[in-house]
Structures are given as structure tokens and as C-alpha cells.
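Residue numbers (this note's numbering), protein chains in the order written: chain A, 14 to 316; chain B, 14 to 316; chain C, 14 to 316. We treat Cβ as the ideally placed atom computed from N, Cα and C, and that holds for glycine. Presented below is the structure to which this report refers.
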Amino acid sequence: MVKEDPKILAGKLQPWLARLRTGRPLVHCITNYVTVNDVANLLLACGASPVMADAEEEAAEMAALAGALLINLGTLNSRTVRSMHLAAASANKKGIPIVLDPVGVGATSFRTSTAQALLREHHIALIRGNISEIKALALPLTDQGMGGTKGVDAQESDLADGVQGRIQIARKLARSTSKNSSGNGTIVVISGAQDVLAGADGPAFVCSNGCAVMQTMTGSGCMLSALLAANAAVAYTAEDNKEDNLRHAALAGLAAMGICGERANTLIEQQQAGNASFRSHLIDSMYRLTRLEDEVKVEVAQD
Amino acid sequence: MVKEDPKILAGKLQPWLARLRTGRPLVHCITNYVTVNDVANLLLACGASPVMADAEEEAAEMAALAGALLINLGTLNSRTVRSMHLAAASANKKGIPIVLDPVGVGATSFRTSTAQALLREHHIALIRGNISEIKALALPLTDQGMGGTKGVDAQESDLADGVQGRIQIARKLARSTSKNSSGNGTIVVISGAQDVLAGADGPAFVCSNGCAVMQTMTGSGCMLSALLAANAAVAYTAEDNKEDNLRHAALAGLAAMGICGERANTLIEQQQAGNASFRSHLIDSMYRLTRLEDEVKVEVAQD
Amino acid sequence: MVKEDPKILAGKLQPWLARLRTGRPLVHCITNYVTVNDVANLLLACGASPVMADAEEEAAEMAALAGALLINLGTLNSRTVRSMHLAAASANKKGIPIVLDPVGVGATSFRTSTAQALLREHHIALIRGNISEIKALALPLTDQGMGGTKGVDAQESDLADGVQGRIQIARKLARSTSKNSSGNGTIVVISGAQDVLAGADGPAFVCSNGCAVMQTMTGSGCMLSALLAANAAVAYTAEDNKEDNLRHAALAGLAAMGICGERANTLIEQQQAGNASFRSHLIDSMYRLTRLEDEVKVEVAQD
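Here it is as C-alpha cells:
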């Protein structure tokens with residue numbers, strides 16, 4: 014892996030954070046009811062404007078108003094799955110980027126088949142999941158190893174692939190998805206202690222920001238996906254290469270979320286607090302975040 | 014606008030706060046899943062008792078047990094819209110006041126037509142929305158200006174009407190709604206940097222309590238509507254003029270919420286915190302609020 | 014009531030707390046959307062792993078993966094009630110313990126009949142409710158006193174039964190429920206200022222840990238039920254008498270939750286904070302809780 018000067022990379026990422034605050038993109042979220050409040054407050058904290066709407070009667074209309082569409086499978090049901098498809102078709106038609114968070118895919122066949130249908134029928138700009146979820150989508154069942162997702166958490170055994178292995182799995186999934194009419198492919202983010210980010214080709218990145226407490230709070234993954242949706246909204250606004258823009262905008266999002274996690278972790282250690290206070294500090298940190306430089310831990314990966 | 018001595022006005026408002034704490038009204042909420050937890054905790058903080066129930070099988074029965082019914086359109090769907098009508102009919106039949114929060118009305122036709130049907134078929138004691146939402150209900154489409162609601166936030170262009178303009182819009186909406194069998198009309202609250210409160214006739218009020226951070230936290234509007242529903246419960250308990258009681262009880266609610274926002278804002282500035290901590294401080298401030306005097310910023314408006 | 018040496022009892026309870034942290038049981042929750050986020054974070058704080066899934070398409074499959082199933086009626090509807098039955102049947106088939114939280118039972122006939130059907134058709138390992146909810150399930154309508162549940166809160170009049178009266182009601186309900194194929198009966202917990210815990214026979218316990226603020230925050234009951242589900246998961250893992258294990262594991266849960274409430278209460282008094290901060294401190298306290306001894310207030314009840 015090539016060490017790039019963090020200041021140079023941070024310099025490339027910084028503007029995407031600022032664009033959120035000035036652009037205030039509207040993010041239409043069809044998301045789970047467990048972490049939806051955190052998702053809304055995180056979006057507001059980063060400068061975006063959230064709207065939650067999952068009725069079939071309005072999903073397409075609301076998606077068409079938005080800068081990005083977030084589809085999170087956390088508490089899917091047959092009604093909201095229909096709304097996801099209606100919203101996704103509407104977003105695709107207008108060139109609005111879609112972020113998919115395949116929560117718990119691999120744990121039940123309903124989740125897996127829903128995610129597969131969304132990927133087959135729509136262009137998805139970015140997919141973010143843990144290693145077990147991404148494996149369930151990237152690999153045939155026989156190659157997924159010891160047994161899929163444990164509820165909504167990654168299996169320990171799936172973590173053994175290493176960064177290089179995870180980048181290959183991300184690329185494999187990205188290559189299996191459809192491009193949009195402008196030729197933009199899908200960016201895949203596998204989050205974990207070290208997040209990896211890769212498309213079908215082009216540079217892949219590794220982000221080491223973050224902290225272990227994020228795994229003991231519900232919603233860290235959901236909030237990250239929402240932030241990446243806001244990033245996608247501003248990345249797709251630019252006229253030039255949208256896939257390449259999104260790669261950098263999403264990397265900025267990964268670093269920003271990780272840095273906020275680190276700051277929140279420092280606070281709960283000082284206060285001898287726990288996962289509930291961590292959540293507040295994490296969102297507060299995003300609210301106060303003005304620059305990424307100096308704290309960014311990002312590398313370009315060689316594969 | 015006439016400056017009334019804040020202490021005299023506060024003296025009129027103060028008792029409504031105390032009545033919440035002693036009356037502990039049960040507020041039946043059919044509300045969105047984004048901010049429902051905040052709504053419940055805010056109601057508990059002000060002394061009320063929340064119950065959330067949106068199944069068609071029990072909506073009418075639960076509403077009949079309550080002191081007030083809150084209908085919030087935030088994440089409506091066809092099933093919950095049916096429950097809203099069942100609950101509203103039940104509440105009307107028993108003289109239980111209904112508060113409507115038309116979240117996102119104007120953004121999609123489903124939201125607008127649902128709110129219009131609720132207003133047409135039931136007596137609504139109080140409507141609270143931002144200026145874009147209230148305009149979408151008060152004005153014919155051709156007069157709504159540059160384009161309706163941006164998701165669930167007010168359009169910048171709609172804020173240009175000024176306090177006097179907003180009072181006229183509130184009165185226009187209040188005049189278009191049906192009175193109940195006792196002749197009580199609807200009170201309309203348009204919240205913003207300066208909240209306005211007006212019925213079809215009678216005095217209109219302006220409340221300037223509050224702070225800008227409230228716009229960067231999800232749920233400030235939803236919580237305010239819930240508080241106004243609790244206020245409506247105690248206002249409708251009194252034997253005398255219910256509409257006039259509600260005007261003052263609701264004004265007490267507006268001032269109380271704004272004061273709590275100001276106190277929460279002071280705390281997050283001290284702590285260099287953000288919108289997540291603001292939410293906790295806001296609810297905590299309501300929990301601790303015992304008097305409104307000295308901090309109330311309320312005026313009678315002349316139109 | 015016999016005073017048992019708190020240190021000896023605490024010594025029996027302590028291991029169940031440790032087993033949560035090492036066992037990390039997966040708890041499948043079909044629960045209400047009001048407090049679901051708190052339920053998830055409390056489960057993570059105690060060491061368990063939550064998964065929320067309420068679609069008919071996956072309820073049975075998800076329950077079969079879990080260590081325990083939590084069914085909470087808070088915001089039930091006809092769709093989720095079907096999922097509750099599918100999940101419960103699946104859990105029973107695999108010997109996975111089910112915890113039922115009959116929120117608001119007694120307030121509407123839909124809630125009461127749903128809880129009765131769940132109890133009739135499935136073996137429930139543990140039921141936790143307030144006194145009004147448990148009375149609504151344990152007693153014929155004519156014996157329930159002045160009028161059932163007030164929304165989701167206990168009726169004042171129902172609190173007059175005293176600890177002995179409540180133990181008899183808990184035993185009555187436990188005796189009316191079906192045993193599982195291994196002969197394990199149901200444990201009933203009635204929470205309040207003094208929690209009581211009893212099965213059809215065997216020792217009954219009283220736990221006096223806790224604080225009054227818990228009644229002014231939404232979700233304290235829901236979180237307790239979730240914790241008891243995690244306790245049930247580890248209690249049913251052991252090979253020996255599952256009902257007896259669960260009695261002690263659940264008592265450990267009651268004490269742990271109460272102790273965390275006391276610690277949170279100390280913090281909000283210091284900070285002059287309210288019910289919102291209390292929630293964070295409660296979950297944080299669970300996150301940091303390593304031992305129960307010295308603070309446990311538990312007694313064996315004589316009946």
C-alpha cells in the first residue's frame with residue numbers, strides 16, 4: 014500500500030465537506046425505524062437536509078425532489094420494499110444517485126433477495142455494508158464461508174480476509190452491478206476497523222479513522238451510509254466524472270465519520286461514559302467539524 | 014404591534030404550564046417514526062402522558078381515552094392515514110381536541126391531499142406548521158409562490174412574507190376550516206424565528222422565544238406540536254370558551270418551548286456541543302421548567 | 014419477607030451479568046418504534062447483539078437465528094402481529110425463549126386480545142409489564158378494578174395491591190400459561206417502585222433498586238424487557254433447569270437495570286438535568302456496569 018502524504022490527500026477531501034455545508038442537499042431516506050432519528054440528526058449535522066418518506070403514494074415524487082436517495086434495508090417489509098423500487102426508478106430516471114445500505118443481508122433470504130433485486134433493477138451509485146453483508150452480495154453462496162451475517166453484525170470469520178481480500182470483494186461486487194446511462198459504475202464501501210472503498214476499477218482507498226466503540230452503538234453504519242448519500246448528492250451535482258467525484262467525496266465522508274468517532278471516543282473516556290453519550294458526541298462532532306486535515310488517516314491501496 | 018408588559022402576559026401564561034403538571038393529560042399520538050421518541054420524552058417532560066397507537070383496530074378506542082389527539086403526517090402511509098381518520102372521528106365525537114402537524118405538506122400530493130381531507134372531514138382544534146406547509150393549505154396552488162415545501166423544511170422564499178403576512182395566512186387557513194358543535198374554531202400556529210398564532214378572528218400573537226439551532230435538529234417542530242396537543246387537552250378541560258383558552262394555552266406552549274431552546278442553546282455554546290446534545294438539553298429544560306416569567310417574549314399583534 | 018444477605022444473593026446474580034458480556038446473545042426484537050433505538054443501545058450496552066426484523070417474510074427465519082425473541086406490543090398492527098406469531102412459533106420450535114412485553118394491554122381490546130392469543134398459542138418464557146398490564150392478563154375483567162390501563166401507564170388504583178398482592182397476581186398469570194415441552198413454566202415480572210418476580214411456584218423475589226425518574230422517561234420498561242430477553246438467552250443456554258436459571262438471570266437483570274437507574278439519577282441531580290439526559294446516563298451506566306454487589310437490593314418473598 015502506498016503511503017500518500019496525508020495533508021495532500023486531506024486537501025483533496027476537505028472541499029467535499031464544505032460543499033455539504035453550502036449545498037445543503039436534500040437526502041430522501043427510506044430507512045429503518047431503529048436508527049432513523051440518528052440518521053436525520055447526522056444529516057443535519059453535516060449540513061444536509063433529510064426527508065423520510067416511505068409510502069408508495071409518494072416515494073417516486075419525493076425521490077425526484079431530492080439530491081440523493083438512501084435505501085437502508087434495516088427494517089424492510091413488503092410495503093416499503095415496493096416504495097424502495099418506486100423511489101429508485103424515479104431517482105434513476107432523473108440521474109439522482111442512490112446509496113444502498115444492505116443491512117443484515119445474508120441473515121435472511123428476504124433481505125438477500127431484496128438487495129439483489131434492487132441491484133439488478135436499478136443503478137446504485139454506492140453500496141456500504143460490513144464485510145458479511147458485502148460478501149453475501151458479491152460471492153456465490155458456496156464461497157461465502159462459514160455462514161453469513163449474524164443478525165446485523167459482521168461474522169468474526171469474515172474479518173479474516175484482510176484489507177487486500179476486502180478490496181477484491183468490493184471490486185467483485187462493483188463489477189457485477191450495472192452502470193448508469195452516463196457510464197458511471199458503483200462504488201463499494203466495506204466498513205470495519207479499516208474501511209475499504211473501491212469501484213470496478215480506478216484507485217481503491219483504505220481509511221483507518223474511527224474507533225471500536227462505534228460497533229457498540231446502534232446506527233454507526235446507518236449514519237455513515239446517510240453521510241455517503243449526502244456526499245453522493247454533491248458529487249453528482251458536479252458536471253465532470255461523477256464516479257470519480259463520488260470516490261473522493263465518499264472517502265471524505267469515511268474520514269469525517271471516523272474523525273468524529275475518535276473525538277467522541279476521547280470525550281466518553283474523559284467522562285467515563287458509554288455508548289449512549291458516544292452517539293451524542295459523534296453527531297455533535299459532525300456538527301462542529303470544519304476541517305479534516307491533520308486527523309485524516311487515508312491511504313491509496315495497491316491491488 | 015402593541016408591546017404588552019411581558020410580566021402581565023407571562024402571568025396569564027404561567028397557569029397553563031402548571032395545569033399540564035397537575036392534569037397529566039393523556040396525549041394519543043399518531044406520529045412519524047423519525048422523532049417519535051423525542052415527542053414521547055418531551056410530553057413526559059412537560060407533565061403529560063404519551064401513548065402511541067396507529068393500528069386501525071384500536072385508533073378510535075385509544076383516541077376516546079385521551080385528553081388530546083396529535084396527528085403528525087411525517088411518515089404517513091395508507092394504513093396510518095386510515096387510522097388518523099378513525100381516531101379523529103372518535104375524538105370529534107367525544108369533544109377531544111385534535112392537533113394537526115402537516116409535515117411536508119406541499120412537497121408531495123399525497124401529503125397535501127391527506128391534510129386537506131383531514132381538515133375537511135374533522136374539526137381540528139389547532140394546526141402547527143412552518144410557513145411553507147401552512148401556505149400549501151391556506152392558499153390556492155397558483156398563489157403559493159415559488160414552489161412549495163423543500164422536503165420538510167420551509168422554503169427561503171416563503172419566509173419573505175413578514176410577521177403581518179404570516180398572520181394573514183394563518184387567519185385565512187383558520188377561516189377555511191370547520192368549527193365544532195360548540196362553535197370553537199381552529200387556531201393556526203406558524204413557527205419560525207418568530208412564531209405567529211392566530212384564529213379566524215380574536216387577538217393574534219407573536220412569540221420571539223427560541224434559537225436558530227432548533228432548525229438543525231430533527232423534531233423541534235414535532236415536539237412543539239405535541240406540547241400544543243398537551244396544552245389543548247388542558248384548555249379543552251375548562252368549561253368556558255375553549256377556543257380562547259386554547260389561544261392562551263398554546264401561546265404558553267410556544268413560549269415554553271422557545272425558552273427551553275434558549276436555555277439549551279446556552280448549554281451547547283458553553284460545552285462546544287452540537288445538535289444532538291441540544292436535543293437532550295431541550296427536553297431536560299422542559300423537565301426542569303417551573304416558571305415562564307422574565308424570559309417570555311410575546312406580543313399581541315395588530316392586524 | 015426474609016432478608017437475605019445482599020452479598021450472598023449478589024454473588025448468585027453476578028455471573029449472569031458476566032455471561033451476557035461473554036455470550037453476546039443475539040436478541041431478535043419485534044418491538045415498538047417509539048423506544049426501539051433505546052432498546053438496541055441498551056442491548057449493546059449489556060453485551061448482547063440486537064436485531065430488529067418484523068416482516069412476515071423473515072420473522073420466522075430471523076427468530077431461528079437468535080438466542081431469544083422479544084415481543085413488545087407498543088405499536089402493534091395487524092401486519093406485525095402476524096409476524097409476532099410466525100416468530101414465536103419458530104422460536105418455540107427451536108427452544109428459544111420468548112419474552113413478552115404487553116405494552117398498554119387493558120387499554121384497548123386489540124392489545125388485550127393480541128396478548129391473550131400470543132399466550133394461548135405459544136410458550137412464553139417471561140412476561141414483564143406494569144401492574145395494570147399484568148392484571149389485565151391475569152384477572153377476569155370483572156376483577157380488574159377501576160378501569161384498566163391509562164394509555165401505557167399503570168393506574169394509580171392498581172398500585173394499592175401491595176407487594177404480596179402483586180406476587181399473587183404474578184403467580185396467577187404464571188399458572189394460566191402453558192409450559193414448554195421440557196416442563197418450563199413462565200416467569201412473570203411486575204415492575205414498579207418495587208419489582209416483583211414470580212413463577213407458578215418456586216421462590217418469588219422483590220427488587221427495590223431503581224428510581225422515580227424512570228417513570229418520566231419513555232422506554233424504561235421496554236429496555237428492561239429487552240435486558241430480560243438477553244438474560245433469557247443465556248439462561249436457556251445452560252443445560253440444567255431453565256426456568257430456575259431464568260428466575261435468577263432475570264433477577265440479575267432487574268437489579269442491574271435498577272442500579273443503573275440509581276447511578277443515572279445521581280448524575281442528573283448533580284447536573285440539574287432531566288429525563289433526556291437520564292436516558293443517556295442509564296444506558297451509559299449499563300455499558301460501564303461490571304459488578305452488582307454492594308448495590309443490589311433484592312429479597313426473597315414469602316407467600
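- Distances from the CA of residue 277 of chain C to each of C:257, C:261, C:298 were compared; the closest alpha carbon is that of C:298.
- Listed in chain order, the non-local C-beta contacts of residue 84 of chain A below 6 Å within the same chain comprise 43, 97, 113, local neighbours out to five positions each way being set aside.
- The Cβ atoms of residue 222 of chain B and residue 272 of chain B sit closer than 8 Å to each other.
- The shortest CA-to-CA distance from residue 263 of chain C to any of C:179, C:207, C:237 is the one to C:237.
- Straight-line spacing of the CA atoms in residue 296 of chain C and residue 227 of chain A works out to 15 Å.
- Relative to the Cα of residue 239 of chain A, the nearest Cα in the group A:69, A:28, A:200, A:82 belongs to A:82.
- Of the candidates A:127, A:135, A:50, A:251, A:135 places its Cα closest to the Cα of residue 106 of chain A.
- In the three-state scheme derived from DSSP, where H, G and I count as helix and E and B as strand, residue 276 of chain A is classed as helix.
- Remark: fewer than three beta-carbon pairs, one from each stretch, lie closer than 8 Å, so the stretch 307-315 of chain C and the stretch 250-258 of chain C are not flagged as touching.
- Chain C has no Cβ within less than 8 Å of the Cβ of residue 90 of chain B.
- With a cut-off of 8 Å on Cβ pairs, the stretch 117-136 of chain A is not in contact with the stretch 59-71 of chain A, counting fewer than three such pairs.
- Shown in chain order are the members of the stretch 276-296 of chain C whose Cβ falls below 9 Å from a Cβ of chain B: 281, 284, 285, 286, 287, 288, 289, 290, 291, 292, 293.
- Sequence-distant Cβ neighbours of residue 242 of chain B in its own chain, meaning closer than 6 Å and more than five residues away, are 40, 81, 83, 112.
- Between residue 130 of chain C and residue 154 of chain C, the alpha-carbon positions lie close to 16 Å from each other.
- Taking 8 Å as the CB threshold, residue 58 of chain C lines the interface with chain A.
- Judged by beta-carbon spacing, residue 217 of chain A lies within the 8 Å limit of residue 314 of chain A, meaning their Cβ atoms are closer than that value.
- For residue 224 of chain A and residue 70 of chain A, the gap between their C-alpha atoms comes out near 41 Å.
- With fewer than three CB-CB distances shorter than 8 Å, the stretch 16-31 of chain B does not count as touching the stretch 23-32 of chain C.
- Under the DSSP assignment, residue 208 of chain A falls in the beta strand (DSSP E) whose first and last residues are 208-211.
- In the DSSP assignment, residue 85 of chain B falls within the beta strand (DSSP E) that extends over 81-85.
- For the pair residue 232 of chain C and residue 55 of chain B, the Cα-to-Cα distance works out to about 13 Å.
- One alpha carbon belongs to residue 147 of chain B, the other to residue 123 of chain B, and they sit about 16 Å apart.
- A straight-line Cα-Cα distance of about 14 Å links residue 46 of chain A and residue 51 of chain B.
- With distances taken between CA atoms, residue 140 of chain C lies nearest to C:235 out of C:60, C:235, C:288, C:303.
- A straight-line Cα-Cα distance of about 20 Å links residue 275 of chain A and residue 60 of chain A.
- For residue 28 of chain C, the three-state secondary structure derived from DSSP is helix.
- Residues of chain C whose Cβ lies closer than 8 Å to the Cβ of residue 50 of chain A are, in chain order, 50.
- Closest in alpha carbon position to residue 90 of chain A, among C:149, C:72, C:138, C:194, is C:72.
- It is roughly 21 Å from the alpha-carbon of residue 144 of chain C to the alpha-carbon of residue 191 of chain C.
- At least 8 Å separates the beta-carbon of residue 167 of chain A from that of residue 220 of chain A.
- In this model, residue 179 of chain C and residue 132 of chain B are separated by some 46 Å (Cα to Cα).
- Listed in chain order, the non-local C-beta contacts of residue 202 of chain C below 6 Å within the same chain comprise 141, 210, local neighbours out to five positions each way being set aside.
- For the pair residue 293 of chain C and residue 290 of chain A, the CB atoms are nearer than the 8 Å cut-off.
- Interface criterion not met: the Cβ of residue 188 of chain A is under 8 Å from no Cβ in chain B.
- In the DSSP annotation of this structure, the continuous segment of the beta strand (DSSP E) that includes residue 114 of chain C starts and ends at 111-114.
- Proximity of chain A to residue 120 of chain B at the Cβ level (cut-off 9 Å) is accounted for by 64, 66, 71, 74, 75, 78, in chain order.
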